[in-house]
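J.: Can you read through this structure? Questions will come right after.
2 protein chains.
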Amino acid sequence: MIIKEILNRRSAREYKSKEVPQEYIIEIIKAGQFAPTACNNRAIEFVVVRNQKTKNNIFEIVGQEYIKEAPVLIISVSDTTKTNCPIQDLSVASENMFLQATALGLGTVWKALKKEFGEEKKIKKLLGIPEQYTVINIIPVGYSKKEPEPHTDKDFDDKKIHEERW
Amino acid sequence: MIIKEILNRRSAREYKSKEVPQEYIIEIIKAGQFAPTACNNRAIEFVVVRNQKTKNNIFEIVGQEYIKEAPVLIISVSDTTKTNCPIQDLSVASENMFLQATALGLGTVWKALKKEFGEEKKIKKLLGIPEQYTVINIIPVGYSKKEPEPHTDKDFDDKKIHEERW
């Protein structure tokens with residue numbers, strides 16, 4: 040039996056204006072902090088944005104209407120003086136956060152920062168995040184306008200499983 | 040309330056010899072396939088190793104006694120002709136697999152491949168994985184010898200949360 044949050048987690052790209060209680064945001068971040076990190080470095084920190092002006096500024100950098108629309112944005116950062124694997128660590132923590140948000144009836148999506156367009160640099164500057172931190176995504180959190188359709192076996196492909204070797 | 044598998048997931052580095060049913064491995068891989076991928080590329084495939092000789096060969100490359108000891112190793116690979124974000128995709132899928140294994144009472148750990156030591160290349164050669172695929176870790180799956188201690192609030196640090204900006 041697949042974990043129900045894994046089945047129910049779907050990317051949300053339209054959000055209701057309904058507020059998200061701060062204790063839900065804390066639970067989501069807690070789930071992120073309980074994720075494994077390389078050599079248990081625990082070097083991830085979190086910026087929580089609710090201010091509309093800041094959200095508008097982030098939208099100017101990364102686009103996507105949902106960045107302005109979602110009541111909360113979570114920006115996770117990893118301290119590269121403490122880990123060689125910031126991308127892996129942030130990705131794993133993001134998934135825990137997605138799943139915990141799902142458990143709370145909330146929608147999320149991975150808005151990737153395009154490093155080649157300088158988006159990471161601009162976001163760090165905007166939020167005052169020190170140079171040594173890596174940022175790979177913005178996670179909007181809110182109540183999705185659409186009812187998510189759970190994963191089923193139609194999303195499973197057993198031809199992608201190779202026994203013993205390729 | 041944090042998802043119980045997020046609380047209970049801990050890295051396992053010693054495994055019992057007890058076999059893992061194939062249907063559990065399928066469930067774990069299914070959870071991996073239900074993870075989000077960049078632009079929904081769904082470019083991840085999986086090699087499942089149970090053969091002791093192959094496990095011994097993998098141990099020769101990456102070390103760690105648990106590589107020989109765990110009844111099953113799962114090697115996830117991402118097709119770089121279909122995604123620009125193989126590390127993110129594989130990391131996110133790995134976390135789903137860790138959590139699903141936890142739900143099944145199984146232990147896992149992220150054994151990273153050190154690219155700088157040529158470990159990724161050697162693993163791909165050993166398993167016949169084509170050049171275009173990225174591999175970042177080996178996931179042993181089995182019954183942990185140790186009872187895992189769930190995460191609690193002692194693993195949570197609210198000083199790592201920054202409101203509105205750094």
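Chains as they are written, first to last, in the numbering used here: chain A, 40 to 205; chain B, 40 to 205.
Just so it is clear, CB atoms sit at the ideal spot from N, CA and C, and this is done for glycine as well.
Computed from a predicted structure; not experimentally measured.
Between which two residues does the beta strand (DSSP E) harbouring D118 (chain A) extend?
T.: In the first sequence, counting from the first residue as 1, residue 118 (chain A) sits at position 79. First-last of the beta strand (DSSP E) with D118 (chain A): V111 to D118.
J.: What alpha helix (DSSP H) runs, 4 residues minimum, are completely inside the region 113-154 of chain B?
T.: Correct list: 125-142.
J.: Are the region 178-188 of chain B and the region 140-153 of chain B touching, with three or more C-beta to C-beta distances below 8 Å?
T.: Yes: at least three Cβ pairs fall under 8 Å.
J.: Between the region 183-191 of chain A and the region 104-112 of chain B, do at least 3 Cβ pairs fall closer than 8 Å?
T.: In short, these stretches do not touch, since the Cβ pair count stays below three.
J.: Look up I175 (chain B) in the DSSP assignment and say whether it is helix, strand or coil.
T.: Taking the second sequence and counting its residues from 1, one reaches residue 175 (chain B) at position 136. I175 (chain B) falls in the coil class under three-state DSSP.
J.: Per DSSP, what kind of secondary structure is E188 (chain A) in: helix, strand or coil?
T.: Numbered from its first residue, the first sequence carries residue 188 (chain A) at position 149. It is coil, neither helix nor strand.
J.: Indicate the three-state DSSP secondary structure (helix, strand or coil) for Y54 (chain A) in the structure shown.
T.: The count along the first sequence starts at 1 and reaches residue 54 (chain A) at position 15. The answer is strand: DSSP assigns Y54 (chain A) an E or B state.
J.: Could you list which residues in chain A have their beta carbon closer than 9 Å to that of T173 (chain B), in chain order?
T.: Position 134 of the second sequence, counted from the start, is the residue given in the question as residue 173 (chain B). Those do not exist, as T173 (chain B) stays about 12 Å from chain A at its closest Cβ, beyond 9 Å.
J.: Tell me the DSSP bridge mates of I200 (chain B)?
T.: Counting from 1 along the second sequence, the entry for residue 200 (chain B) is found at position 161. Answer is A:F85, bridged to I200 (chain B).
J.: Exposed or buried, what is F85 (chain B) when buried is set at 16 or more other beta-carbons lying within 10 Å of its beta-carbon?
T.: Within the second sequence, the letter at position 46 stands for residue 85 (chain B). Buried: at least 16 other Cβ atoms inside 10 Å.
J.: Cβ closer than 8 Å: which chain A residues qualify as neighbours of T93 (chain B)?
T.: Here residue 93 (chain B) refers to the residue found at position 54 of the second sequence. Those are E203 and R204, listed as they occur along chain A.
J.: Compare the C-alpha of S117 (chain B) against each of B:Q103, B:G157, B:I65 and B:A132 and name the closest.
T.: Residue 117 (chain B) sits at position 78 when you count from the first residue of the second sequence. That would be B:A132, whose Cα lies nearest to the Cα of S117 (chain B).
J.: What three-state label does DSSP hand G167 (chain B) in the structure shown?
T.: Within the second sequence, residue 167 (chain B) is the residue found at index 128, counting from 1. Three-state DSSP puts G167 (chain B) in coil, outside helix and strand.
J.: Tell me which residues share the same chain as K94 (chain B) and place their Cβ nearer than 8 Å to its Cβ, disregarding the 5 neighbours each side in the sequence.
T.: As a first step, residue 94 (chain B) must be located in the second sequence, where it is residue number 55. If we look at K94 (chain B) and ignore the five residues flanking it on each side, its Cβ neighbours are V88, I106, K107, A109 and L112.
J.: Using the beta-carbon count (16 or more within 10 Å), is F156 (chain A) buried or exposed?
T.: Along the first sequence, read from residue 1 onward, the residue named residue 156 (chain A) stands at position 117. With fewer than 16 Cβ atoms within 10 Å of its Cβ, F156 (chain A) is classed as exposed.
J.: Between which two residues does the alpha helix (DSSP H) containing V101 (chain B) stretch?
T.: Mapped onto the second sequence, residue 101 (chain B) falls at position 62. From DSSP, the alpha helix (DSSP H) with V101 (chain B) extends over Q91 to V101.
J.: What would DSSP say about G157 (chain A), mapped onto helix, strand or coil?
T.: Within the first sequence, residue 157 (chain A) is the residue found at index 118, counting from 1. Three-state result, G157 (chain A): coil.
J.: Contact defined as beta carbons within less than 8 Å: I believe Q139 (chain B) pairs with I41 (chain A). What is the distance between those atoms, to the nearest angstrom?
T.: Your numbering for residue 139 (chain B) matches position 100 in the second sequence. Your numbering for residue 41 (chain A) matches position 2 in the first sequence. Indeed they touch by this definition, with Cβ atoms about 6 Å apart.
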